[in-house]
Amino acid sequence: KESIKGRLLSLKSERVSSKDWNGTDFPWSKKLESTLKEVFNISEFRPFQRATMNAVLSKEDTILLMPTGGGKSLCYQLPSLISDGFFLVVCPLVALMEDQIMALRKSNISAFMLSQSTPKDENKRAMMAMTDKKAPMKLLYVTPERMSKSKTFMNKLQAAYEMGRLACIAIDEVHCCSQWGHDFRPDYKYLGVLKNMFRGVPLLGLTATATTKILLDVQKILQIQGCLVLKSSFNRPNLYYEVRPKPSSQKEYLDEVEDLLKCKYRGKTGIIYTTTIKDTEETSNQLRQRGIKAVFYHANMDSELRSKAHNGWLDGKYQVVVATIAFGLGIDKPNVRFVLHQSLSKSMENFYQESGRAGRDGLPADCIVFYRLPDLFKVSITVFSQHLGLENLYGMVDYCIDIGSCRRSLIASHFDEVWESAECKGMCDHCKSPFQVNQINLQKHCLFLYQILDHASEKDTKLTSQKLLEAWFNKGPTALRVPNAKAPSISQEKAEAIVAFLLINSFLREDFHYTAYSTLSYIKKGPRAVEVHDSEILMDVRGTKIKSSTSTESQQRSTENEGNGKGPSQKNSDVMESKSKDNSIAKKNSR
Ligand code: ADP
Ligand code: MG
Ligand code: ZN
């Protein structure tokens with residue numbers, strides 16, 4: 264039976280927990296059930312749908328957090344049918360509105376939209392219906408721009424409100440209010456006036472973006488602090504999470520992708536996310552040359568080409584779309600079997616949304632990130648000027664360089680959820696084939712890197728991470744090397760992992776400079792440089808493989824490791840100083 268297992272986050276928590284929002288003894292409960300079956304032809308509510316509807320019909324301001332595909336739209340569509348008047352639905356994309364309206368009209372539900380692309384006479388009919396007591400209109404979809412820019416519309420809405428016809432305001436993709444969300448829309452800010460303007464009309468915010476930070480921001484902007492928050496679990500049990508070391512040459516990377524597409528994903532559809540527009544076109548063309556049906560998609564294409572790419576992919580004409588994050592909101596294909604990240608996402612939030620486009624039909628699907636240190640700087644130069652841009656990116660790096668934790672539990676912590684490792688059931692690389700975790704002390708490495716940096720700054724030279732690594736390995740310009748130093752006895756890959764680790768833990772920092780054509784990231788000593796002389800810096804490294812005969816035990820182990828670090832192809836001889844991993848938690852906390 265449906266039950267609220269997730270957490271109810273609310274400042275009014277006492278009242279919330281004393282009320283069973285999921286109950287079936289509300290005055291409208293029977294009607295709700297029968298309309299579900301008769302009009303929508305759906306046999307059962309999904310988790311949180313009934314609770315949300317009960318809250319809305321009780322005139323509670325509510326925010327519903329539910330992963331994409333969970334069925335949020337129904338939570339306003341259905342209650343509108345058993346209310347007097349109509350529900351106003353604020354929706355960020357015309358394409359999303361069109362899809363819903365088409366489906367609603369098929370079920371004989373009177374729904375309208377107001378947008379620049381709607382025919383004039385339809386606009387007029389919708390405006391009339393707002394204040395017409397006899398009009399059958401149940402749902403009116405508008406863009407946020409319509410609310411913020413059209414006085415005529417807002418006037419009309421005021422009139423409808425005074426007639427008691429405005430039954431609820433639903434705000435879809437409500438995270439667009441917050442600048443911290445992944446698709447901030449300035450016009451959503453204007454929605455902050457609604458609560459005061461339309462007192463007594465419940466607001467319903469819906470989103471698949473679930474961080475507490477964004478949630479609190481949204482409540483503040485909409486002026487519904489402490490409103491009821493219904494949150495369903497964000498775990499997607501059918502998704503398999505994996506991070507692979509990305510080969511340093513594009514050719515080797517493409518070999519690997521080609522192999523995946525032609526063997527494992529033969530006859531299956533998916534997405535490859537890239538960082539830049541140029542990457543989408545290049546990768547798509549290179550895959551085509553290898554006989555793969557690929558198409559690219561980004562924001563700089565004209566809309567006709569874009570929908571051609573999108574539709575071709577929907578129809579199965581293309582096996583894979585190579586896209587920037589412009590391929591986002593409103594992408595709704597149930598049988599996406601893989602989402603590959605050619606380089607890391609801007610944040611864990613972005614990663615969750617992007618990878619979450621896989622497996623919406625509930626069947627197994629793969630989410631694979633190809634990670635390499637240089638990609639970090641490709642992204643960092645684009646996000647450093649944004650609020651929390653670097654912090655968010657480093658969260659993603661932390662996920663990528665982790666060597667032992669259940670990927671699911673790492674994702675969960677970003678949503679302030681706790682997912683038991685048992686829930687993973689081997690559906691991530693670390694749970695599937697666990698390794699022992701050792702620790703190494705990076706103190707000496709870090710001090711040596713500082714020596715290189717000091718040496719360079721004496722010569723008035725700034726070092727990119729690449730130059731830093733070169734100097735470390737006694738390569739590149741002699742002037743940048745530390746005289747009489749030996750190259751370290753570790754692999755390039757391990758060295759890159761160490762630099763990433765030191766960066767995200769503030770022992771190193773990035774320093775950004777604009778040139779005429781680009782932005783450059785240089786490496787400097789970080790704010791924690793002062794600590795290095797007298798404390799160990801412990802980083803997790805991969806030890807020996809844990810035998811599969813003890814898989815239950817090993818799964819448990821791998822979730823106990825809360826540390827990070829990296830080194831998929833590391834041999835034990837790389838380990839400078841091996842310790843028991845008991846205190847790995849302390850290291851994590853040291854961030
Ligand atoms: P979201 O907005 O949360 O991403 P949608 O509202 O677009 O999700 O719904 C996703 C799909 O789930 C739609 O095709 C919808 O018809 C379907 N759906 C919604 N609720 C139910 C339900 N209770 N049972 C079966 N299908 C449902
Ligand atoms: Mg939706
Ligand atoms: Zn796992």
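According to my numbering, the stretch in the sequence shown is residues 264 to 854, in order. The beta carbon of each residue, even a glycine, is placed where N, CA and C say it ideally should be.
Heavy atom of ligand 3 within 7 Å of residue i beta-carbon
i: R671; result: yes
i: S855; result: Coverage of the chain is limited to positions 264 through 854, which leaves residue 855 absent and any answer about it impossible.
i: M611; result: no
i: H573; result: no
i: C663; result: no
i: H693; result: yes
i: C630; result: no
i: S512; result: no
i: S684; result: yes
Strand pairing of residue i, partner residues [DSSP]
i: K787; result: R772
i: D435; result: L469
i: C630; result: Y504, V602
i: R368; result: According to DSSP, R368 bridges with nothing at all.
i: K494; result: L328
i: M564; result: Note: M564 sits in no beta bridge, so no partner.
i: I535; result: V585, L603
i: Q702; result: D803
i: V353; result: V405, I434
i: V558; result: V584
i: K808; result: F698
i: L429; result: F349
i: L377; result: V405
i: C691; result: Y504
Contact belief for residue i with residue j at Cβ below 8 Å, rounded distance in angstroms
i: V795; j: L726; result: That pair is no contact at about 18 Å.
i: L592; j: L356; result: 6 Å
i: V481; j: G489; result: Their Cβ separation, rounded to whole angstroms, is 12 Å, which puts V481 and G489 out of contact at 8 Å.
i: R925; j: K531; result: Beyond the ends of the chain as shown, which are 264 and 854, falls residue 925; an answer cannot be given.
i: Q312; j: G332; result: Their Cβ separation, rounded to whole angstroms, is 13 Å, which puts Q312 and G332 out of contact at 8 Å.
i: G622; j: L502; result: 5 Å
i: I534; j: A586; result: 6 Å
Any non-hydrogen atom of ligand 2 within 7 Å of residue i CB
i: K596; result: no
i: S343; result: no
i: D435; result: yes
i: K722; result: no
i: S336; result: yes
C-beta atoms of residue i and residue j nearer than 8 Å
i: S495; j: L328; result: yes
i: C431; j: I484; result: no
i: R791; j: F770; result: yes
i: M611; j: G658; result: yes
i: A374; j: Y404; result: yes
i: C663; j: L607; result: yes
i: M316; j: L344; result: no
i: S411; j: D347; result: no
i: N704; j: I800; result: yes
i: V646; j: L636; result: no
i: K881; j: M393; result: Past the edges of the chain, shown from 264 to 854, lies residue 881, and the structure says nothing about it.
i: W735; j: A763; result: no
i: K541; j: Y581; result: no
Top-ranked residue by Cα proximity to residue i, from the options
i: E408; options: I434, T724, G579; result: I434
i: V437; options: V353, A750, E567, L651; result: V353
i: N459; options: I487, R313, Q755, I477; result: I487
i: G667; options: K641, D692, G334; result: D692
i: S643; options: E680, H573, T538, A562; result: T538
i: K322; options: K419, P465, K383; result: P465
i: D324; options: L493, R368, G286, T415; result: L493
i: F447; options: T472, L457, A423; result: T472
i: P900; options: Q616, E296, Q549; result: No answer is possible for residue 900: it lies beyond the span of the chain, which begins at 264 and ends at 854.
i: V584; options: R553, N563, M564, T543; result: T543
i: G739; options: E683, L639, I715; result: I715
i: N304; options: D665, I326, N371; result: N371
i: C687; options: I767, H561, E519, E505; result: E505
i: A719; options: E683, Q649, P746, D803; result: P746
i: K476; options: S784, F678, K695; result: F678
i: Y528; options: P627, T546, K541, A586; result: P627
i: E515; options: A318, K722, Q605; result: Q605
i: T724; options: A742, G533, T381, L457; result: A742
i: F350; options: A389, T474, D384; result: A389
Check: residue i C-beta below 7 Å from any heavy atom of ligand 1
i: Q616; result: no
i: Q649; result: no
i: T546; result: no
i: I484; result: no
i: E225; result: Within the shown structure, residues of the chain are numbered from 264 to 854, placing residue 225 beyond reach of any answer.
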